[in-house]
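To start, the structure itself, in structure tokens.
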Amino acid sequence: MAKRHFQLTAEQVQELTNAYHQCKDGPTRSRYQAVRLYGSGYLVGEILTIVGCSRTSLMDWCRLYRSQGTAGLVDKRVGGNHAHLRSAQMADLRQRLCTYSPRQVLGATTATADGQFWTVVDLQAAVELWYGVTYQSHSSYLHLLTVCGFSYQRPARVFKSRREAEVMDFQEALEKN
Numbered sequence: 011m012a013k014r015h016f017q018l019t020a021e022q023v024q025e026l027t028n029a030y031h032q033c034k035d036g037p038t039r040s041r042y043q044a045v046r047l048y049g050s051g052y053l054v055g056e057i058l059t060i061v062g063c064s065r066t067s068l069m070d071w072c073r074l075y076r077s078q079g080t081a082g083l084v085d086k087r088v089g090g091n092h093a094h095l096r097s098a099q100m101a102d103l104r105q106r107l108c109t110y111s112p113r114q115v116l117g118a119t120t121a122t123a124d125g126q127f128w129t130v131v132d133l134q135a136a137v138e139l140w141y142g143v144t145y146q147s148h149s150s151y152l153h154l155l156t157v158c159g160f161s162y163q164r165p166a167r168v169f170k171s172r173r174e175a176e177v178m179d180f181q182e183a184l185e186k187n
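Residue 155 in the numbering used here sits at position 145 of the sequence shown, and the numbers go up by one each step.
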């Protein structure tokens, strides 16, 4: 078994304990506690159970504490879901998607041949047209469809250059044979 190189002095233990008691942020408190326990000689398995973190996170926190002190353990995550549309815009989008078809909004540039149902590609174009917003992730548009009360279904593969009259003639010829 490898010898642990990370050991805290009594002053460092006291510093982490004081920071733990003064802190109101849960994730930051967990980091203070995890580093203090690891530096005090607790087993890694016990620390992972007590704090509820991964071994990788624990080692990262210890590295941060060595280089930056307690300031390095402060949780810097911003939080939030980075929603680009406000709640009023979401309500407006829901109303517009229920009122208009993709063909009415986008014309002949819809993702499906008939432009009757909303697809992710059509939704992306409509959101950019109406609100000037572009999401980076495909799943964000799937989420928008879900929030607006639509279910996601893959569109039928139909060629836009397909000539309906010729298709009807072909189907009639098949039926006659």
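Heads up, the beta-carbon is just placed ideally off N, CA and C, and yes, glycines get one too. Since the structure is predicted, the reported quantities are computational estimates derived from the model, not experimental observations.
1. Could you tell me the alpha carbon to alpha carbon distance between glycine 62 and valine 115, rounded to whole angstroms?
2. Straight-line CA distance for threonine 129 to leucine 154?
3. Could you give the DSSP three-state label for glycine 82: helix, strand or coil?
4. CB-CB under 7 angstroms to leucine 95, same chain, minus the five flanking residues each way: which ones, in chain order?
5. Alpha carbon to alpha carbon, what distance is there between arginine 172 and methionine 178?
6. Alpha carbon to alpha carbon, how far is alanine 175 from serine 97?
7. Assign leucine 95 to one of three DSSP states: helix, strand, or coil.
8. Taking 8 angstroms as the cut-off, decide whether the C-beta atoms of leucine 68 and tyrosine 52 are in contact.
9. Mapping the DSSP letters down to three states, classify tryptophan 128 as helix, strand or coil.
10. Specify, as a first and last residue, the run of the alpha helix (DSSP H) that tyrosine 42 falls within.
11. Provide the residue span of the alpha helix (DSSP H) that contains leucine 155, from first to last.
12. Run the CB neighbour count on leucine 139, radius 10 Å, all protein chains shown included, and call it buried at 16 or more, exposed below.
13. Rounded C-beta distance between arginine 113 and glutamine 126? I'm assuming under 8 angstroms.
14. Does the beta-carbon of serine 161 have 16 or more other beta-carbons within 10 angstroms, so that it is buried, or is it exposed?
15. By Cβ distance below 6 angstroms, which residues in the same chain neighbour serine 40 in space, the five residues on each side in sequence not counted?
16. Mark serine 150 as exposed unless 16 or more other C-beta atoms lie within 10 angstroms of its C-beta, in which case mark it buried.
In short, the structure shows the following:
1. So the two alpha carbons sit approximately 50 angstroms from each other.
2. For threonine 129 and leucine 154, the gap between their C-alpha atoms comes out near 11 angstroms.
3. Helix.
4. Sequence-distant Cβ neighbours of leucine 95 in its own chain, meaning closer than 7 angstroms and more than five residues away, are Leu103, Tyr141 and Val143.
5. Going from the Cα of methionine 178 to the Cα of arginine 172 covers about 11 angstroms.
6. Across the structure, alanine 175 and serine 97 are spaced so that their CA atoms are roughly 46 angstroms apart.
7. In the structure shown, leucine 95 falls within a coil segment according to DSSP collapsed to helix, strand and coil.
8. Cβ distance not < 8 angstroms, so leucine 68 and tyrosine 52 don't count as in contact.
9. When DSSP states are grouped into helix, strand and coil, tryptophan 128 belongs to the coil group.
10. Note, tyrosine 42: alpha helix (DSSP H), 36 to 49.
11. First-last of the alpha helix (DSSP H) with leucine 155: 148 to 157.
12. Answer is exposed; the Cβ neighbour count stays below 16.
13. Between glutamine 126 and arginine 113 the Cβ distance is about 7 angstroms, and since that is below 8 angstroms, they are a contact.
14. Label assigned to serine 161: exposed.
15. Only Val61 meet the Cβ criterion.
16. Of the residues assessed, serine 150 falls on the buried side of the cut-off, its CB having 16 or more other CB atoms within 10 angstroms.
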